[in-house]
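Residue numbers (our numbering): 271 to 414.
From the three backbone atoms N, C-alpha and C, an ideal C-beta is built for every residue, glycine too.
Keep in mind that this is a model prediction, so the values were computed, not measured.
To keep things clear, I will list the structure first and then write my remarks on it.
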């Protein structure tokens, strides 16, 4: 066997092997695109799941807040002092507050204090007559 024949056999064999993997780059690009699409799809699913979880948490917070306000109105205690997440827990919290308070009625607003009480008034009279007197005093003119 001559070197030319051997080179020809090797070239043919290499060409056949190369032909097997001719579309490797195209297949690799398709696989990468598929993986990216799957990752994006998964990302969208995760975003939707997070949004759903956030909405459920917000709804639960509002439900508990509404329950606290309702029970606070029924029992006559401040809603911000109530604790718990279920009706039973919040009612128990309200009952503890009522026991602590001694079931006394909350203080009603009495007379509003007057900060001017006890001081001498330095206010000057106002009105048309006072204005006319001031004009006469300053300018020496009498108004009708």
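- Task: Assign residue 347 to one of two classes, buried (16 or more other C-beta atoms within 10 Å of its C-beta) or exposed (fewer than that).
- Result: Buried is the call here.
- Query: With DSSP run on the structure shown, which of helix, strand or coil describes residue 336?
  - Reply: Helix.
- Proximity to residue 343 [Cα-Cα], best of 368, 316 and 372: A check of alpha carbon separations from residue 343 across 368, 316 and 372 identifies 368 as the nearest.
- Query: Is residue 363 helix, strand or coil by DSSP?
  - Reply: Secondary structure at residue 363: helix, using DSSP grouped into helix, strand and coil.
- Nearest to residue 398 by CA position, among 412, 386 and 313, is which residue? The shortest Cα separation from residue 398 among 412, 386 and 313 belongs to 412.
- Buried/exposed call for residue 299, threshold 16 Cβ in 10 Å: It counts as exposed.
- With a Cβ-Cβ cutoff of 8 Å, do residue 349 and residue 339 count as a contact? For residue 349 and residue 339, yes; Cβs fall inside 8 Å.
- Query: With 16 other CB atoms within 10 Å as the buried threshold, where does residue 363 fall?
  - Reply: Burial call: buried.
- Message: With a threshold of 6 Å on Cβ separation, who are the neighbours of residue 292 within its own chain once the five nearest residues in sequence on each side are excluded?
- Response: Scanning its chain for C-beta atoms nearer than 6 Å, with the 5 sequence neighbours on each side dropped, one finds no residue around residue 292.
- Query: Does DSSP put residue 296 in a helix, a strand or coil?
  - Reply: In the structure shown, residue 296 falls within a helical segment according to DSSP collapsed to helix, strand and coil.
- Message: What does the alpha-carbon distance come out to for the pair residue 294 and residue 287?
- Response: Cα to Cα, the separation comes out at about 12 Å.
- Message: If I measure Cβ to Cβ from residue 354 and keep anything under 6 Å in the same chain, skipping five residues before and after, which residues do I get?
- Response: Excluding residues within five positions, the ones whose Cβ falls inside 6 Å are 360 and 363.
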